[in-house]
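J.: Please read through the structure below; I'll follow up with questions.
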Amino acid sequence: MVKVGGNGQSGTLIVVRNLAKTYRRGAEELQVLQGINLDIDKGDFVAFMGPSGSGKTTLLNLLGGLDVPSAGTVTVAGDEISHLSGPRLTKWRARHVGFVFQMYNLLPVLSAFRNVELPLLLTPLSKAERKKHVELALSLVGLADRAGHKPVELSGGQQQRVAIARAIVADATFLLCDEPTGDLDRKSADEILELLEKLVHQHGKTILMVTHDPRAAERAHATLHLDKGVLSQ
Amino acid sequence: MKFWPLLLAYLTRRKTRTLLTVGSFAVSLFLFCLLATIRAGFQSGVQAAGADRLVVINKVSLIQPLPLAYRDRILKVPGIKEATYANWFGGVYQDERNFFAQFAIDHTTYRQMFPEFVVPDDQWKAFEADKQGAIAGESTAKRFGWKVGDRIPIKGAIFPGNWEFNLVGIYKGRRPNDDLTQFWFRWDHLIEKAPEWAKGFVGWYTVRVQPGADAVAVTKDIDSRFANSPWETRTQSEQAFMASFVEQMGNIGFLMTVIGSVVFFTLLLVAGNTMAMSVRERTGELAVLKTVGFTDLAVLALVLVEVILIALVGGAIGIGLAKLFTLRGDPTNGMFASFYLPPSAMAAGAALTLLVGLLAGLIPATTAMRLQVVQALRKL
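Residue numbers (our numbering), protein chains in the order written: chain A, 1 to 233; chain B, 1001 to 1380.
Here it is, written out as structure tokens:
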């Protein structure tokens, strides 16, 4: 269950307390996020909405360990990540977070198979084990027959499904999706949203999604609103 | 090995650019190896010189002779084991461009003094038996298509007249840098036909010091014995004697070093710029790698390995082509006593390739390592 300003009960996967992010531009201080408190349980599907510049992506970056907060804490599955150093944070990210971006962010020089395999290269899995995991992830997103295709040979929806396969292949603790349907037509967007729902309902994944699309937000268990760096339910 | 597909994909991403960069390494290493071969060619005499051999020449200059009578007096110097002598002939074979060194040698002592030159016993016996006999180095024989039994006409310059020799032997070298361009004939034959001024004189002596003898003391002793005589001597180690020849042509080593440095500095700029462009192009992709868990060091290593691979492939091609080129022999028709790419030069080339690859990749790789994921993703 998602709670803004929750009390961090046992079983909560992500606990955010007094989270703030400030950017400096010369002498000017820009408060992007302030006083964020949030509890997210395992298996939640949460949508973040808000106008441009409201801090949605910044919040996602902080939750995913891509950026560090100016104040406050983020605790994931009991690990406080807010003050982890660079390499430790990177390793934590590799183990716990799957990212899905609006522009898919696949490596154009690699096939779908190799793109999905990327996070597994950092694990001690053997080549055969990696192959098994990649094939499973690709079949889960319905692209088993496109493993050898390069991104340029796939449609936008297919590319996003490859990106989702890459996000789930290492069995991440939770997925962060930054406007995953923002660059897709309605039909493809619906397919992606159905896939995300399937991951939540059938595979118990936890998904945090930033979106501008109300129809996408409708699929989530809860929609949280961010405005001027302040979160509300 | 598991990162190989990723590396290969990046290497083949811009095939033309990768090929051109590999090509620039190949050309540079080819040039480096060629310079090293030329340098080794100039210095082959120095390197091949016997450590226990001294050369005695006229103190005025090499072209001034020394009396033949000095031989017995030199042999009496304590610490001297043996001595031989020779004359520079300086004749022309067919055309002045067909230069090769011709020596009139003492056939009774020369072979023992220079064991690095290998002459089959039967050919040496034929040389001893035939006053007009001659022995040519394998390179010179190959250059002019000579074979044993051929008659070799040479027009004398210092010693006028038309000279003819019977080629009775062809010598080889024990080491790759031994000079295989010389042409020997018998000193007694030279003196028999030489003008009166030359009779009773030799060009220089080569002596071998006894094992354990103080070569410096022997050198001083020889020169002191002939001091204040009409033919004073200058004795030096064979290595110093050979080095003085090379020095007459200028500081070859310095010249080669300067050219080599310019080549490698240019290569560094070319490769560094190429890799910087390549990294700039994939800022977003590197950010994605970091997002999915590649550490800063892993990204650094990825870029460095990529440029080092390019460097090593190019370097290997360049060194390989240079080796093949030198195996075809001296392209200057006898300017070099030996035209041989030493393994040490190949190893130095490989090490330089690695170093240039590392230096060229260092700045782009550090840029990639320091890439801020959030900022890079924002630019996508």
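Glycine residues also receive a C-beta, built at the ideal position from the N, C-alpha and C atoms. Note that the structure is a prediction, hence the values are computed from the model and not measured.
Please report whether the beta-carbon of L110(A) lies at a distance below 7 Å from any beta-carbon of chain B.
T.: With 7 Å as the cut-off, L110(A) counts as an interface residue toward chain B.
J.: Run the CB neighbour count on T1266(B), radius 10 Å, all protein chains shown included, and call it buried at 16 or more, exposed below.
T.: The residue in question, T1266(B), is exposed, as its Cβ has fewer than 16 Cβ neighbours within 10 Å.
J.: If you follow the alpha helix (DSSP H) that K1193(B) is in, where does it begin and where does it stop?
T.: First-last of the alpha helix (DSSP H) with K1193(B): 1187 to 1193.
J.: Closer than 7 Å by C-beta to L1075(B): which residues in its own chain qualify, once you throw out the five before and the five after it? Chain order, please.
T.: A1083.
J.: Counting only runs that start and end within the segment 1123 to 1197 of chain B, where is the alpha helix (DSSP H) found for 4 or more residues in a row?
T.: With a minimum length of 4 residues, the continuous alpha helix (DSSP H) runs that stay inside the segment 1123 to 1197 of chain B are 1138 to 1144, 1187 to 1193.
J.: Hey, how far is the Cα of L1066(B) from the Cα of V1207(B)?
T.: So the alpha carbons of these two residues sit roughly 14 Å apart.
J.: Does the contact criterion of 3 or more C-beta pairs under 8 Å hold for the segment 1285 to 1296 of chain B versus the segment 79 to 97 of chain A?
T.: Touching, yes.
J.: Give the single residue among Y1093(B), V1027(B), I1259(B), L1007(B) whose Cα lies nearest to the Cα of S1278(B).
T.: Cα-wise, what sits closest to S1278(B) is L1007(B).
J.: Just to confirm the assignment: which complete beta strand (DSSP E) runs, minimum length 3, are found wholly within the segment 1022 to 1071 of chain B?
T.: Taking only runs of at least 3 residues, the beta strand (DSSP E) segments lying wholly in the segment 1022 to 1071 of chain B are 1053 to 1058.
J.: In this structure, how does DSSP classify G1079(B) when only helix, strand and coil are distinguished?
T.: Of the three classes helix, strand and coil, the one that applies to G1079(B) here is coil, per DSSP.
J.: With DSSP run on the structure shown, which of helix, strand or coil describes Q1232(B)?
T.: Note that residue 1232(B) corresponds to Glu in the displayed sequence, not to Gln. Coil at E1232(B), not helix or strand.
J.: Taking 7 Å as the limit between beta carbons, can you name the residues of its chain near Q34(A), skipping five residues before and five after?
T.: Answer for Q34(A): A20, G229, V230, listed in chain order.
J.: Considering only the alpha carbon of each residue, which of L1354(B), I1080(B), G1091(B) lies closest to L1312(B)?
T.: Per the Cα distances, L1354(B).
J.: Residues bridged to M49(A) by DSSP?
T.: According to DSSP, M49(A) bridges with H225(A).
J.: Rounded C-beta distance between V1209(B) and I1080(B)? I'm assuming under 8 Å.
T.: About 6 Å; that satisfies the 8 Å criterion.
J.: How big is the Cα-Cα spacing for S1224(B) and L1268(B)?
T.: Rounded to the nearest angstrom, the two C-alpha atoms are 55 Å apart.
J.: Going by DSSP, which residues form a beta bridge with W1088(B)?
T.: Note: W1088(B) sits in a beta bridge opposite F1103(B).
J.: So is T1016(B) in contact with chain A if we call contact Cβ pairs under 7 Å?
T.: Taking Cβ atoms only, chain A never reaches closer than 7 Å to T1016(B), which makes this a no.
J.: Here's a check: name, in chain order, each residue in its chain whose Cβ is nearer than 7 Å to the Cβ of L1341(B), leaving out the five neighbours to either side.
T.: Only C1033, A1036, T1037, A1322, K1323, T1326 meet the Cβ criterion.
J.: Considering D39(A), what are the terminal residues of the beta strand (DSSP E) in which it resides?
T.: It spans 28 to 41 - the beta strand (DSSP E) in which D39(A) sits, taken as one unbroken run.
J.: Just curious, the beta strand (DSSP E) that T1206(B) is in, first and last residue?
T.: First-last of the beta strand (DSSP E) with T1206(B): 1204 to 1209.
J.: In chain B, what lies closer than 8 Å to A147(A) by C-beta?
T.: Neighbours of A147(A) on chain B: none; closest Cβ ~13 Å, over 8 Å.
J.: Taking the C-alpha atoms as reference points, what is the distance between G1284(B) and D79(A)?
T.: Between G1284(B) and D79(A), the C-alpha separation is close to 29 Å.
J.: Do V109(A) and R1013(B) have their C-beta atoms within less than 7 Å of each other?
T.: Going by C-beta atoms, V109(A) is nearer than 7 Å to R1013(B).
J.: Is the beta carbon of Y1205(B) closer than 7 Å to that of F1117(B)?
T.: Against a cut-off of 7 Å, the Cβ pair of Y1205(B) and F1117(B) comes out as no contact.
J.: What separation, rounded to the nearest whole angstrom, lies between the Cα atoms of V134(A) and K91(A)?
T.: Going by the C-alpha atoms only, they are around 20 Å apart.
J.: Can you tell me where the beta strand (DSSP E) holding Y1340(B) begins and where it ends?
T.: That residue, Y1340(B), is in no beta strand (DSSP E); it is neither H nor E in DSSP.
J.: Go to A1322(B), then tell me how far its alpha helix (DSSP H) extends in each direction, as first and last residue.
T.: First-last of the alpha helix (DSSP H) with A1322(B): 1296 to 1327.
J.: Interface residues of chain B around F48(A) at Cβ under 8 Å?
T.: Here the premise fails: no neighbours, minimum Cβ distance about 17 Å.
J.: Would F252(A) count as contacting chain B if we go by Cβ distances under 7 Å?
T.: Residue 252(A) lies beyond the range of chain A shown here (1 to 233); nothing can be said about it.
J.: Out of S52(A), G157(A), I164(A), which one is the CA nearest neighbour of L138(A)?
T.: It is I164(A) whose Cα lies nearest to the Cα of L138(A).
J.: So is F1364(B) in contact with chain A if we call contact Cβ pairs under 7 Å?
T.: Note that residue 1364(B) corresponds to Pro in the displayed sequence, not to Phe. Not one chain A Cβ lies under 7 Å of P1364(B).
J.: With DSSP run on the structure shown, which of helix, strand or coil describes K21(A)?
T.: In this structure, K21(A) counts as strand in the three-state DSSP scheme.
J.: Would you list, in chain order, the members of the segment 1299 to 1313 of chain B that have their beta-carbon closer than 8 Å to a beta-carbon of chain A?
T.: Of all residues in the segment 1299 to 1313 of chain B, none has a Cβ within less than 8 Å of some Cβ in chain A.
J.: Short check: CB of E191(A) to CB of T211(A), under 7 Å?
T.: Contact flag unset, no.
J.: Give the residues from the segment 53 to 81 of chain A that approach chain B closer than 7 Å (Cβ to any Cβ), ordered along the chain.
T.: Against chain B - using a Cβ distance shorter than 7 Å - the residues of the segment 53 to 81 of chain A are N61, L66, D67.
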